[in-house]
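Student: In this note's numbering, the protein residues as written are 196 to 444. Think of the CB as a built atom: it goes at the ideal place given N, C-alpha and C, for glycine as much as any other residue. Everything numeric in this text was worked out from a predicted model, so none of it was measured. There's a structure below that I have some questions on.
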Ligand code: NAD
């Protein structure tokens, strides 16, 4: 397959794990250490801004010292031979720092802040240096408390979910990397990719029953899995061709 394909990646915390950022639901994940409902909700921010902002300032500090890993870099490098869109659940900016040009954040971005009164008000969303903590009393343009521009657990995803759904439906190749597919719209998105296009899953976990039939599961961590996927992309997706041939027998 030498023609340019449109590859759509759906990524989660697992792609950033080898950069040193914690996943959420793994045995050493963040949710084993803290209760998300005490920290990652709009009501928690209202009731205890010091505690919630301290939690996110810690995430922002960790991101400041994290670096994109080889998996992020391979995703970006594939733009040389294919069109690539990244849909990520991650709130980090490691895809962008690795050089990916089209990144859709389903759950917002830690590098940005917004209004706590009206989080989708575009005039209040702005970049905020990771090195600078967001403090109680820091105000948005509408006079309300500044907050990180991430989606809290008690909030609904924005219109980006519809854009993501369209991209998944139209993908020539669809690749899921490092997500447990347990929250938000991600579990639905994997069902939207067409069944007659190459679909890959890169994750060390067992996904029996959690992923539609026909996905080629590269059961590896993100870096090794992306090395294998790069070979697939360079060679016309031979595992998919073998899979389709097997089905025809
Ligand atoms: P999750 O913790 O639910 O699942 C992580 C997945 O990554 C699991 O399937 C696990 O098997 C896999 N994994 C673990 N180590 C891996 C590795 N080295 N390589 C590849 N895969 C690996 O995370 P999720 O599904 O992304 O959950 C979604 C939520 O997590 C989102 O709200 C997202 O914003 C948030 N989150 C983001 C970050 C980040 O921005 N870096 C970090 C933690 C959580």
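Are the stretch 200-219 and the stretch 260-273 touching by the rule of at least three beta carbon pairs closer than 8 Å?
Tutor: yes
Student: Could you tell me if residue 284 is buried or exposed, where buried requires 16 or more neighbouring beta carbons within 10 angstroms of its beta carbon?
Tutor: Your numbering for residue 284 matches position 89 in the chain shown. Classification of residue 284: buried, given that the 10 Å Cβ count is 16 or more.
Student: Could you compute how far the alpha carbon of residue 280 sits from the alpha carbon of residue 232?
Tutor: Here the question's residue 280 lines up with position 85 in the chain shown. Here the question's residue 232 lines up with position 37 in the chain shown. Residue 280 and residue 232: Cα-Cα distance of roughly 31 Å.
Student: How many Å lie between residue 348 and residue 441 at the Cα?
Tutor: Here the question's residue 348 lines up with position 153 in the chain shown. Here the question's residue 441 lines up with position 246 in the chain shown. Between residue 348 and residue 441, the C-alpha separation is close to 43 Å.
Student: Leaving out five residues on either side along the sequence, give the residues of the same chain with a beta carbon under 8 Å from the beta carbon of residue 267.
Tutor: Taking the chain shown and counting its residues from 1, one reaches residue 267 at position 72. So the qualifying residues of the chain are 210, 211, 214, 289, 290, 292, 293, 295.
Student: Compare the C-beta of residue 203 against all C-beta atoms of chain C and say whether one is closer than 8 Å.
Tutor: Looking at the structure shown, chain C is missing, and only one protein chain is on hand.
Student: Using a threshold of 8 Å, state whether the C-beta atoms of residue 397 and residue 368 are closer than that.
Tutor: Locating residue 397 in the chain shown gives position 202, counting from the first residue. Locating residue 368 in the chain shown gives position 173, counting from the first residue. No. Outside cutoff.
Student: Tell me which residues share the same chain as residue 406 and place their Cβ nearer than 8 Å to its Cβ, disregarding the 5 neighbours each side in the sequence.
Tutor: The count along the chain shown starts at 1 and reaches residue 406 at position 211. Answer for residue 406: 371, 376, 385, 396, 412, listed in chain order.
Student: Using a Cβ-Cβ cutoff of less than 8 Å, which residues in the same chain neighbour residue 341 once the five nearest sequence positions on both sides are dropped?
Tutor: If you number the chain shown from 1, residue 341 lands on position 146. 308, 309, 310, 311, 323, 329, 333, 334, 335.
Student: If residue 374 and residue 381 are in contact, beta carbons under 8 Å, what's the gap, nearest whole angstrom?
Tutor: Start at 1 with the first residue of the chain shown, and residue 374 comes out as number 179. Start at 1 with the first residue of the chain shown, and residue 381 comes out as number 186. About 6 Å; that satisfies the 8 Å criterion.
Student: What residue range is occupied by the uninterrupted beta strand (DSSP E) comprising residue 415?
Tutor: Sequence index remark: in the chain shown, residue 415 carries index 220 (1-based). Counting along the chain, residue 415 falls outside any beta strand (DSSP E), and DSSP gives it neither H nor E.
Student: Smallest Cα separation from residue 202: which of 320, 439, 270, 319?
Tutor: The count along the chain shown starts at 1 and reaches residue 202 at position 7. The shortest C-alpha separation from residue 202 is found at 270.
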